[in-house]
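Under this note's numbering, think of the first position of the sequence shown as 436, with each following residue one higher.
Take a look at the structure set out below.
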Amino acid sequence: MTNVTAGTLLIPKTDDAVAANVLYARKGIATTGGSLILENNAQLLQDDDADSTNAQIQSQRYIAEMDDIFTRLDSVYWSSPVTGQKIKSFSPATAANCFLQYRESEDKFTITSDPDFHAGKIVMW
Numbered sequence: 436m437t438n439v440t441a442g443t444l445l446i447p448k449t450d451d452a453v454a455a456n457v458l459y460a461r462k463g464i465a466t467t468g469g470s471l472i473l474e475n476n477a478q479l480l481q482d483d484d485a486d487s488t489n490a491q492i493q494s495q496r497y498i499a500e501m502d503d504i505f506t507r508l509d510s511v512y513w514s515s516p517v518t519g520q521k522i523k524s525f526s527p528a529t530a531a532n533c534f535l536q537y538r539e540s541e542d543k544f545t546i547t548s549d550p551d552f553h554a555g556k557i558v559m560w
């Protein structure tokens with residue numbers, strides 16, 4: 436178990452062309468009086484049985500501006516290691532019918548009305 440008992444543990448950002456900074460917290464994270472921030476491209480790796488239920492963890496992901504004609508048709512893929520985080524908070528300006536969820540059984544993306552991320556499930560917009 437990795438414990439953050441005061442202040443902020445910051446895992447710094449890296450450029451896309453550089454190997455990511457990785458925090459290996461195999462048995463989980465606990466943030467009693469502190470927090471963990473993963474900046475752009477930083478990664479948190481944990482074992483399947485890790486317990487991070489008592490942790491304040493923030494992931495800060497930078498996405499290039501997608502408002503010009505050349506990037507408007509690009510897609511962004513996200514997955515979440517947690518359940519219950521609101522999808523809309525990641526992209527507030529995206530119309531609700533533009534959020535797609537991958538359906539493994541059908542091997543395709545479909546519009547989702549589910550407002551939450553689910554552990555290990557992919558969402559695209």
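The C-beta atom is built at its ideal place from N, Cα and C for all residues, glycine as well.
Bear in mind the structure is a predicted one, so any value in this text is a computation, not a measurement.
- Secondary structure of Asn476 (DSSP, three-state): coil.
- Your pair Arg461 and Gln493 does not check out as a contact, with CB atoms roughly 21 Å apart and the cut at 8 Å.
- Around the beta carbon of Thr437, a 10 Å sphere encloses 16 or more other beta carbons of the protein chains shown; the residue is thus reported as buried.
- In this structure, Thr443 and Ile464 do not form a Cβ contact; the two beta carbons are roughly 13 Å apart against a cut-off of 8 Å.
- The beta carbon of Thr467 sits closer than 6 Å to the beta carbons of Thr440 from its chain, once the five residues preceding and following it are set aside; these are given in chain order.
- Between Gln520 and Phe544 the beta-carbon gap is near 19 Å, outside 8 Å, which marks them as no contact.
- With a cutoff of 7 Å on beta-carbon distance, Ile522 and Leu535 are scored as not near each other.
- Within the same chain, and ignoring the five residues on either side of Met559 in sequence, the residues whose Cβ sits closer than 6 Å to its Cβ are Ser510, Tyr512, Leu535 and Phe544.
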